[in-house]
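Right, one structure below, let's go through it.
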Amino acid sequence: MPSTDDTMEVDGALISSTTAGNSATHTQATSRPRAASVPATLREHTYLVGYVYSSKMMAHSCVHGHCEQPERISRIFDILKENHCLEKMKKLPIRRVLREEALLVHSQALWDKVLALHSLTEQDIADSEAYYNDLSLYVHPSTPYAAQLSAGGVIEAALSVARGEVKKSFAIVRPPGHHAEPDEHMGFCFFNNVSIAAKVVQLRTAVKRILILDWDVHHGNGTQRAFYDDPSVLYISLHRYEGGNFYPNGPFGSMTSCGEGPGLGYSVNIPWPEKGMGDADYILAFQKIVMPIALEFSPDLVIISAGFDAAEGDDLGECHVSPAGYAHMTHMLSSLAGGKLVVALEGGYCLDAIAASALAVTRIILGEMPPQLPPLTASEAATETIWQVAMEQSKYWKNVDPKSSETIEEVEPIAISLPELLKAHRQDYLFREHGMLEVPLMSQALIERFSAQVACTPDLMENDSLIVFAHEFGNLAVELDSVVTCNVRQEHSYLVDCSKSLLAWANAEGYAVLDVNVFPKPYAKSKVRSSTSTFGNSNDHAPLQLKHTEDYGGAVLVYLWDNYIQLTAARQLILVGHGPGCAAIMSLIQQRAASVMKTVQGVVQVVGLHNIPATPRDAPALRQWYFENSIVVVPTTHPIFHDSKALKKHGSIFRMDEEKPIKLIIKAMPGIQSFIKEKLSVTAGTDANSR
């Protein structure tokens, strides 16, 4: 037998018949003189959590049987009672939704259409079966009453929280509501319970900003439609979508369906592309999308459209969310709105699954901690979807960071990033077209970061004139810093053009070239042990301690200086830095100041709009040497031209009408070549005179 709640309506509220029967006796007892054994003060128990329920909603039923069956709510009620949850919760009044409340969301035509079901005969039901099947509905003469009671129950659950009567509440109601649109009932839903409740709360209380989180496996098209242009209600839905081929079908549940007008950005869809999503997928979505947006929105009240058809065992949803997964999601949502939370039952069609899931959620709203989950890894489909949603929602929410949603660990063995592809193409070009050789690195740490990224012309060891070129070619984050789109083919073309002009000219002038790409390779997270790393050198120099990742470029240049450059025949050196490579050049100058000032004839820095590295204040001799032997190439819009003190730190400064570093060096190449040739010619003449 389905459970009953043994309640009756008295002035709009439900009270226990047992309590009513004993009220007179209780009044008599409390009017007598207090016995010595009775405490001086008897306080009524204060409930922090409430619930609404009535077995009368079970009258809405299908004569042929249906997955949206009456026992859905009785099984939840029974399991909460068996686990002593109800005794810790306040029984809240339940009533039918009023016409004027329903019309806050729905049309008069829909209201009349639903109420007219009361007069249906068995023959009417049989004759209209095909029509209602097309709407994914079944009807019964008791449907209007159950639907009104369901909507009214959610209203009372929400009002009790909004008014501070309880902190949290659970509306154990049916039929569900989130598919019901303003003008149409559909998808087992007649009135949109949650939408009506949100409107009533905004109308009758001080609560104005409401978050509706819909974790039902189906998209809540009706709820999203009700608030599509309303910035006071943030609607977030996690649902099985499959390209719009899963109910309720169509593009409205897509990630690009974000609201309109003043409500643009306040509809957030996380559309799963396939079945089978589980705890790891949902929790990752909460961590990357739901909670960052919710925290930025800062709601006054949270309402969960709590469908449990994504639960393990539900044949309609075919997903694998566990009771513990629902518990963790509820726990995260409980941290919002000062803990004001309403849970309203939506779908869920496996009786065992909805009972266990509802129990897990109830334990959380009663104050228990969520159970420990096993180690979790989100699926590739989920991580890709979450990243795409982050890209879309970052247009509207500052807290959403698409970069933090990128996870490539699962495909890392076969995945190559665009920067790595660009670097590899350029290195191949150097080896193939210019006969350059790879410079071997002896330190394992350097190999992991810079293997195949240091190349030299074959005459490195014999040539007395050497150009050291440090850059981060392939680092699209630098090249596209202020650009909306990326043409990878164009970027690769720039890299080849720049390399060709520099190397061809150096070869024609008889200079050796050491080419160093200081943009480190991605480093496996599992290998990172601390914020410091040690690059051991093969000579007697002490290992170099790195304090942050920006030192990697300087470290590899110092290594090359100690182990190669100092051992060559070169006595005329030019250091050329491009983009972030300038910082690496300056790091080398500072760490090997004495030998650099003795051997290097000129320093070239080609900077975009970033800061220009300078020599330290406490090294006056080095500062003077750098000032006399350096040029800096910057865009005309660089902020250094507004800082007279910064200008004094550098030698000649060339202004160019270009902001992208890769195009800047191409445009400045004639001036750079003239500077290098002049510096090396002067040195060569000085050496000849000394001989």
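Numbering (the working numbering), first residue to last: 9 to 699.
Each residue gets a CB set at the ideal place from its N, CA and C atoms; glycine is no exception.
Everything numeric in this text was worked out from a predicted model, so none of it was measured.
Span of the beta strand (DSSP E), counted from its first residue to its last, around residue i
i    : result
V71  : Where V71 is concerned, there is no enclosing beta strand (DSSP E), given that its DSSP letter is neither H nor E.
Y334 : No beta strand (DSSP E) contains Y334, which is instead part of the alpha helix (DSSP H) from 331–341.
V369 : From DSSP, V369 is part of no beta strand (DSSP E) but of the alpha helix (DSSP H) over 359–373.
V310 : 309–314
CA-to-CA distance, residue j to residue i, given in whole angstroms
i    : j    : result
K535 : I593 : Since pLDDT at K535 reaches only 40, below the 50 mark, its modelled position is unreliable, and no value is offered.
Q681 : G585 : 14 angstroms
D317 : A368 : 15 angstroms
V122 : F198 : 7 angstroms
V608 : E636 : 12 angstroms
P101 : L353 : 17 angstroms
S31  : K99  : Because S31 sits at a pLDDT of 39, beneath the cut-off of 50, its placement in the model cannot be relied upon, and the following sentence gives the value as read from the coordinates. When rounded, the distance between both Cα atoms is 17 angstroms.
E456 : L568 : 16 angstroms
M677 : G562 : 24 angstroms
L630 : P239 : 59 angstroms
L292 : T338 : 14 angstroms
L118 : Y274 : 26 angstroms
A389 : E250 : 11 angstroms
S313 : L349 : 11 angstroms
P647 : L510 : 28 angstroms
N141 : V147 : 10 angstroms
F705 : L303 : Here the chain covers residues 9 to 699 and nothing more, so residue 705 does not appear.
E95  : S342 : 21 angstroms
I278 : I297 : 9 angstroms
L145 : F196 : 5 angstroms
H500 : L672 : Low confidence applies to H500: its pLDDT is 44, below 50, so where it sits in the model is not reliable enough to give any reading.
P628 : S595 : 16 angstroms
M299 : W395 : 15 angstroms
S689 : E517 : 11 angstroms
Residues bridged to residue i [DSSP beta-bridge criterion]
i    : result
R663 : V642
H776 : The first residue shown for the chain is 9 and the last is 699, placing residue 776 beyond what the model contains.
D523 : A463, F477
H328 : G286
C197 : M194
Q435 : Per DSSP, none; premise fails for Q435.
E446 : A463
K176 : V57, L349
L242 : L219
H189 : Residue identity check: residue 189 is Glu in the sequence provided, not His. Paired residues: E192.
Helix, strand or coil at residue i [DSSP, three-state]
i    : result
D237 : coil
I684 : helix
M477 : Correcting the residue type first, residue 477 is Phe in the shown sequence and not Met. If DSSP states are grouped into helix, strand and coil, F477 belongs with the strands.
Y76  : For the record, residue 76 in the displayed sequence is Glu; it is not Tyr. Coil, per DSSP.
C266 : coil
Q401 : helix
L100 : coil
V612 : strand
D222 : strand
E354 : coil
S413 : helix
I673 : helix
G679 : helix
G160 : helix
A318 : coil
E517 : helix
A28  : At A28 the pLDDT is 38, less than 50, meaning the model places this residue with poor confidence and gives no usable figure here.
Y146 : coil
A563 : helix
S387 : coil
T231 : helix
N-terminal and C-terminal residue of the alpha helix (DSSP H) that residue i is part of
i    : result
V604 : 601–607
Y634 : 628–636
L583 : Not the alpha helix (DSSP H): L583 falls in the beta strand (DSSP E), residues 580–586.
I301 : 299–305
K121 : 116–123
I133 : 130–135
Q452 : 452–458
R625 : Looking at the DSSP string, R625 is not in any alpha helix (DSSP H), and its letter there is neither H nor E.
A110 : 107–110
At least three beta-carbon pairs within less than 8 angstroms, the region 211–224 to the region 267–285: no
Given 8 angstroms, three or more beta-carbon pairs between the region 338–354 and the region 179–186: yes
contact_flag[the region 461–480, the region 570–579] where n(CB pairs < 8 angstroms) is 3 or more: yes
contact_flag[the region 278–289, the region 325–340] where n(CB pairs < 8 angstroms) is 3 or more: yes
Segment contact flag, the region 52–63 with the region 129–138, C-beta cutoff 8 angstroms, min 3 pairs: no
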